[in-house]
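K.L.:
Going line by line, the protein sequences match chains S and A. Quick note on numbering: this note's numbering labels position 133 of the first sequence as 199, and the sequence is numbered without any gaps. Quick note on numbering: this note's numbering labels position 10 of the second sequence as 12, and the sequence is numbered without any gaps. C-beta atoms are modelled at their ideal positions from N, C-alpha and C, and glycine is treated no differently. Pasting in a structure now, in structure tokens, and then I'll have a few things to ask.
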Amino acid sequence: MASNPMQQFSVHKIGPEIKIAGIDLSFTNASLFMVISASFILLFLFLGTREKKIIPDKVQLIAEMFYTFVAKMISDTAGSKAKPYFPFIFSLFMFVLFCNMVGMLPYSFTVTSHIIVTLIMALFIFIAVTIIGFAKHGFKYLSIFVPSGVPAILLPLITVIEIISYLSRPVSLSVRLFANMMAGHTMLKVFGGFVISLGLLGGWLPLSFSVALTGLEILVAFLQAYVFAILTCIYLNDALNLHH
Amino acid sequence: MTIPEDFKTRLKIAKSKIEKQVQSDKEKRGTFMGSAFKLGTELVAAVAVGTIFGFILDSWFGTKPWLIIIFFFLGAAAGMLNVIRTANRMQKED
Numbered sequence: 067m068a069s070n071p072m073q074q075f076s077v078h079k080i081g082p083e084i085k086i087a088g089i090d091l092s093f094t095n096a097s098l099f100m101v102i103s104a105s106f107i108l109l110f111l112f113l114g115t116r117e118k119k120i121i122p123d124k125v126q127l128i129a130e131m132f133y134t135f136v137a138k139m140i141s142d143t144a145g146s147k148a149k150p151y152f153p154f155i156f157s158l159f160m161f162v163l164f165c166n167m168v169g170m171l172p173y174s175f176t177v178t179s180h181i182i183v184t185l186i187m188a189l190f191i192f193i194a195v196t197i198i199g200f201a202k203h204g205f206k207y208l209s210i211f212v213p214s215g216v217p218a219i220l221l222p223l224i225t226v227i228e229i230i231s232y233l234s235r236p237v238s239l240s241v242r243l244f245a246n247m248m249a250g251h252t253m254l255k256v257f258g259g260f261v262i263s264l265g266l267l268g269g270w271l272p273l274s275f276s277v278a279l280t281g282l283e284i285l286v287a288f289l290q291a292y293v294f295a296i297l298t299c300i301y302l303n304d305a306l307n308l309h310h
Numbered sequence: 003m004t005i006p007e008d009f010k011t012r013l014k015i016a017k018s019k020i021e022k023q024v025q026s027d028k029e030k031r032g033t034f035m036g037s038a039f040k041l042g043t044e045l046v047a048a049v050a051v052g053t054i055f056g057f058i059l060d061s062w063f064g065t066k067p068w069l070i071i072i073f074f075f076l077g078a079a080a081g082m083l084n085v086i087r088t089a090n091r092m093q094k095e096d
């Protein structure tokens with residue numbers, strides 16, 4: 067029985083070691099659970115869209131609910147101009163959600179509890195949004211760093227502050243998801259360890275905490291996927307609709 | 003002194019209303035925690051980015067302690083800006 071609550075986050079290789087041009091590309095348990103999450107999404111959406119009935123069955127209903135949920139989120143936060151980016155944001159939302167949810171299963175591995183995974187996703191969004199902004203507006207996009215109605219003396223200071231604020235976006239985006247998932251799963255394991263060490267006599271209290279925490283973690287898993295997707299929409303909105 | 007029947011039913015209705023309120027408050031607590039965490043990371047991330055920025059610029063220009071100090075405070079200002087913007091957005095949503 068693993069007594070160390072951090073042991074659940076260890077990454078280890080599965081199968082042979084693969085090295086291409088000095089970069090370690092071995093298949094790990096993290097990759098395995100990413101594949102599992104992705105195949106769950108594919109399976110779920112395949113079942114949901116297999117028979118396009120007018121009166122939907124349960125799976126189709128849930129798949130359609132996800133679709134309208136994301137579509138509404140995009141049109142509410144980023145407007146109609148963001149419609150072409152729907153596939154990307156939908157994939158992102160589903161991937162984060164399913165990684166979080168698969169991580170809630172016992173004996174599984176939570177991919178999103180590693181900062182490298184969330185940071186890569188956040189950096190990808192950050193760079194993509196910056197490129198979209200420059201592609202749509204050219205050098206006028208730089209005007210988001212210069213808020214209107216600022217006295218000329220303060221302008222250099224405000225611009226530097228705005229640039230730091232812009233650069234902190236991928237950091238806050240990735241740290242939020244990673245810290246939430248890691249803290250939650252560590253807490254679950256710590257309370258699980260208390261159940262074992264307190265035994266039959268005193269273990270009931272941490273056990274009930276554990277049950278409550280599991281419910282909370284499922285809420286957090288959904289909420290963080292939602293926050294990740296909605297912040298992507300907000301950043302996209304800043305890039306698409308310049309209004310400063 | 004006996005309590006009139008009418009008052010009893012009114013008390014019952016009022017009590018059930020309060021209970022409902024507490025129930026929905028409990029449901030909301032998870033969402034509040036999410037938004038509190040959101041604001042916290044906004045602040046910390048900007049300070050961290052500002053400090054790292056200052057550190058890099060320091061090693062470029064060789065002005066060892068000064069830029070990191072300045073950029074720490076600029077980062078803190080950027081963090082507060084982030085928090086104010088996020089809070090404004092949250093208020094608009096409600």
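Would you call S/H310 buried or exposed, if buried means 16 or more other Cβ atoms sit within 10 Å of its Cβ?
P.N.:
The residue you call residue 310 of chain S lines up with position 244 of the first sequence. Residue placement at S/H310 is flagged as unreliable, the pLDDT there being 49, under the threshold of 50; the coordinate-derived value follows with that caveat. Exposed: under 16 other Cβ atoms inside 10 Å.
K.L.:
Counting only Cβ-Cβ distances shorter than 8 angstroms, please list the residues of the region 63-77 of chain A near chain S, keeping chain order.
P.N.:
From the region 63-77 of chain A, only F73, L76 and G77 have a Cβ closer than 8 angstroms to chain S.
K.L.:
Between which residues of its own chain and S/Y16 is the CB-CB distance below 6 angstroms, once the five residues before and five after are set aside?
P.N.:
Residue coverage of chain S in this structure runs from 67 to 310, which leaves residue 16 of chain S outside it and unanswerable.
K.L.:
Contact criterion: CB-CB distance below 9 angstroms. Does A/A79 meet it with respect to chain S?
P.N.:
In the second sequence, residue 79 of chain A corresponds to position 77, counting from 1. So yes, A/A79 belongs to the interface.
K.L.:
Could you give the residue range of the alpha helix (DSSP H) that holds S/G169?
P.N.:
Numbered from its first residue, the first sequence carries residue 169 of chain S at position 103. From DSSP, the alpha helix (DSSP H) with S/G169 extends over F152 to G169.
K.L.:
Any contact between the region 217-236 of chain S and the region 186-193 of chain S? By contact I mean 3 or more CB pairs, one from each, below 8 angstroms.
P.N.:
As far as the Cβ criterion goes, the region 217-236 of chain S touches the region 186-193 of chain S, which means the pair count is three or higher.
K.L.:
Might you give, ordered along the chain, the residues of its own chain that have their beta carbon closer than 8 angstroms to the beta carbon of S/M67, omitting 5 neighbours on each side?
P.N.:
As a first step, residue 67 of chain S must be located in the first sequence, where it is residue number 1. Here the model assigns S/M67 a pLDDT of 48, short of 50, so the residue's position is not dependable, and the following value carries that caveat. If we look at S/M67 and ignore the five residues flanking it on each side, its Cβ neighbours are I262.
K.L.:
Do you know whose CA, among A/I15, A/A38, A/K19 and A/I54, lies nearest S/V286's CA?
P.N.:
Along the first sequence, read from residue 1 onward, the residue named residue 286 of chain S stands at position 220. S/V286 has its Cα closest to that of A/A38, out of A/I15, A/A38, A/K19 and A/I54.
K.L.:
Check the DSSP bridge columns for S/K79 and list the partner residues they point to.
P.N.:
Counted from its first residue, the first sequence places residue 79 of chain S at position 13. BP columns for S/K79 point to S/T94.
K.L.:
Does chain A have any CB closer than 9 angstroms to the CB of S/T246?
P.N.:
Indexing the first sequence from 1 puts residue 246 of chain S at position 180. Note on identity: in this sequence residue 246 of chain S is Asn, with Thr being the wrong assignment. Judged by the 9 angstroms Cβ criterion, S/N246 is in contact with chain A.
K.L.:
Looking at the secondary structure, which residues open and close the alpha helix (DSSP H) in which S/H251 lies?
P.N.:
In the first sequence, residue 251 of chain S corresponds to position 185, counting from 1. Its alpha helix (DSSP H) spans residues L221 to G268.
K.L.:
List, in order along the chain, the chain S residues whose C-beta lies closer than 8 angstroms to that of A/F55?
P.N.:
One-based indexing of the second sequence puts residue 55 of chain A at position 53. Under the 8 angstroms cutoff, chain S gives I230 and L233.
K.L.:
Closer than 8 angstroms by beta-carbon distance: list the chain A residues that pair up with S/I227, in chain order.
P.N.:
By one-based count along the first sequence, residue 227 of chain S stands at place 161. Under the 8 angstroms cutoff, chain A gives L76, A79, A80 and L83.
K.L.:
By the three-class DSSP mapping on this structure, what secondary structure does S/A305 have?
P.N.:
The residue labelled residue 305 of chain S in the question sits at position 239 within the first sequence. S/A305: helix per DSSP, three-state reduction.
K.L.:
What number of angstroms, rounded off, separates the C-alpha of A/A48 from the C-alpha of S/I84?
P.N.:
Looking up residue 48 of chain A in the second sequence gives position 46. Looking up residue 84 of chain S in the first sequence gives position 18. Distance between the alpha carbons of A/A48 and S/I84 is about 38 angstroms.
K.L.:
Buried or exposed: which applies to S/S103, given that a residue is buried once 16 or more other Cβ atoms fall within 10 Å of its Cβ?
P.N.:
Here residue 103 of chain S corresponds to residue number 37 of the first sequence, with the count starting at 1. When all chains shown are included, S/S103 counts as buried.
K.L.:
Of the residues that make up the region 214-225 of chain S, which ones have a beta carbon closer than 7 angstroms to any beta carbon in chain A?
P.N.:
Cβ contacts with chain A come from no residue of the region 214-225 of chain S.
K.L.:
So S/L302 packs on S/A137, CB below 8 angstroms; how close in whole Å?
P.N.:
Taking the first residue of the first sequence as position 1, residue 302 of chain S is located at position 236. Taking the first residue of the first sequence as position 1, residue 137 of chain S is located at position 71. Not really, about 14 angstroms apart at Cβ, beyond 8 angstroms.
K.L.:
From what residue to what residue does the alpha helix (DSSP H) around S/A201 run?
P.N.:
Mapped onto the first sequence, residue 201 of chain S falls at position 135. Here the alpha helix (DSSP H) through S/A201 covers I181 to H203.
K.L.:
Could you tell me the alpha carbon to alpha carbon distance between A/W68 and A/I58, rounded to whole angstroms?
P.N.:
Counting from one through the second sequence, the residue named residue 68 of chain A turns up at place 66. Counting from one through the second sequence, the residue named residue 58 of chain A turns up at place 56. Distance between the alpha carbons of A/W68 and A/I58: 12 angstroms.
K.L.:
Can you give me the Cβ contacts of S/V183 inside the same chain, cut-off strictly under 6 angstroms, excluding the 5 residues immediately before and after it?
P.N.:
Residue mapping note: residue 183 of chain S aligns to position 117 of the first sequence, counting from 1. These residues qualify, in order along the chain: V177.
K.L.:
Which residues in chain S sit within 7 angstroms of A/F39, going by Cβ to Cβ distance?
P.N.:
As a first step, residue 39 of chain A is located in the second sequence; it is residue number 37 there, counting from the start. In chain order: R242 and N246.
K.L.:
When you compare the region 242-258 of chain S with the region 153-169 of chain S, are there three or more beta-carbon pairs, one atom per stretch, that lie closer than 8 angstroms?
P.N.:
Contact between the region 242-258 of chain S and the region 153-169 of chain S is present, because at least three Cβ pairs lie under 8 angstroms.
K.L.:
Quick one: is the Cβ of S/I86 within less than 8 angstroms of any heavy atom of the ligand MG?
P.N.:
For the ligand MG, the structure offers nothing, since it holds no ligand at all.
K.L.:
For A/M89, would you say it is in contact with chain S, using Cβ-to-Cβ distances shorter than 9 angstroms as the test?
P.N.:
Along the second sequence, one-based indexing puts residue 89 of chain A at 87. Inspection of the sequence shows that residue 89 of chain A is occupied by Ala rather than by Met. Cβ-Cβ to chain S under 9 angstroms: no for A/A89.
K.L.:
Does the beta carbon of S/V293 sit closer than 9 angstroms to a beta carbon anywhere in chain A?
P.N.:
Residue mapping note: residue 293 of chain S aligns to position 227 of the first sequence, counting from 1. Chain A, which has a Cβ nearer than 9 angstroms to the Cβ of S/V293, makes this yes.
K.L.:
Of all Cβ atoms in chain S, is any one closer than 9 angstroms to the Cβ of A/A16?
P.N.:
For the purposes of this step, residue 16 of chain A is identified with residue 14 of the second sequence, where counting begins at 1. Chain S contact via Cβ: absent.
K.L.:
Counting C-beta neighbours from all protein chains within 10 Å, is the total for A/K40 16 or more, i.e. buried, or is it exposed?
P.N.:
Position 38 of the second sequence, counting from 1, holds the residue named residue 40 of chain A. With 16 or more Cβ atoms within 10 Å of its Cβ, A/K40 is classed as buried.
K.L.:
Name the DSSP bridge partner or partners of S/I89?
P.N.:
By one-based count along the first sequence, residue 89 of chain S stands at place 23. DSSP lists S/I86 as partners of S/I89.
K.L.:
What is the DSSP secondary structure of S/S174, counted as helix, strand or coil?
P.N.:
Position 108 of the first sequence, counting from 1, holds the residue named residue 174 of chain S. Residue state, collapsed to three classes: coil.
K.L.:
Where do the ends of the alpha helix (DSSP H) carrying S/S209 lie?
P.N.:
For the purposes of this step, residue 209 of chain S is identified with residue 143 of the first sequence, where counting begins at 1. First-last for S/S209: undefined, no H or E at that position.
K.L.:
What are the complete alpha helix (DSSP H) segments, minimum 4 residues, inside the region 42-96 of chain A?
P.N.:
The region 42-96 of chain A contains these whole alpha helix (DSSP H) runs: 66-95.
K.L.:
For chain A, find out if any of its Cβ atoms is closer than 9 angstroms to the Cβ of S/E238; answer yes or no.
P.N.:
The sequence position of residue 238 of chain S within the first sequence is 172, counting from 1. According to the sequence displayed, residue 238 of chain S carries Ser and not Glu. At least one chain A Cβ lies under 9 angstroms of S/S238.
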